[in-house]
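Residues 118 to 224 (our numbering) are what the sequence shown spells out, left to right.
First up is the structure itself, then whatever we jot down about it.
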Amino acid sequence: MDIISKKWALLIINTIGNSNTIRYSEIRDTLGEINSKVLSDRLKELEKAGLIKREAYAEIPPRVEYSLTKDGKALQEAIVPMMKWVYSKNTEGTNTPCDIMYRETKI
């Protein structure tokens with residue numbers, strides 16, 4: 118609970134879950150407002166918790182891809198109803214990261 122309650126953690130899970138695999142820069146670009154250090158820290162925490170998998174390829178330039186583990190996929194499925202509820206409360210039509218993630222959810 119400590120990890121997923123941190124800012125951006127659930128949006129990162131959903132962003133990764135919307136792709137089979139995704140690169141760091143794609144996550145950063147999708148989330149838009151996230152600080153690179155925060156993104157890097159959250160990815161490390163989520164990987165340590167067993168929610169995401171990090172795969173590094175020995176290429177030039179280096180390539181790293183992220184995907185959800187089985188537990189990460191289960192978490193994404195669990196948060197979709199919460200995102201739906203939050204999105205339904207958005208009467209002002211804002212474009213917050215949560216709104217964007219909900220519209221892009223592929224579950």
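No residue lacks a Cβ here, since even glycine has one placed at the ideal position from N, Cα and C.
None of these values were measured; they are calculated from a predicted model.
A direct Cα-Cα distance of roughly 20 Å separates Y141 from D188.
By the criterion of a C-beta distance shorter than 8 Å, T186 is surrounded in its chain by G167, L168, I169 and K170, once the five residues flanking it on both sides are discounted. Following the DSSP letters along the chain, one finds S122 in no alpha helix (DSSP H), marked with neither H nor E.
Membership of E164 in the alpha helix (DSSP H) is indicated by the continuous run S153 to K165.
For S136, the secondary structure class from DSSP, reduced to helix, strand or coil, is coil. By the Cβ-count criterion, T138 is exposed, with fewer than 16 other Cβ atoms from all chains shown falling within 10 Å of its own Cβ. For the pair A126 and R159, the CB atoms are nearer than the 9 Å cut-off.
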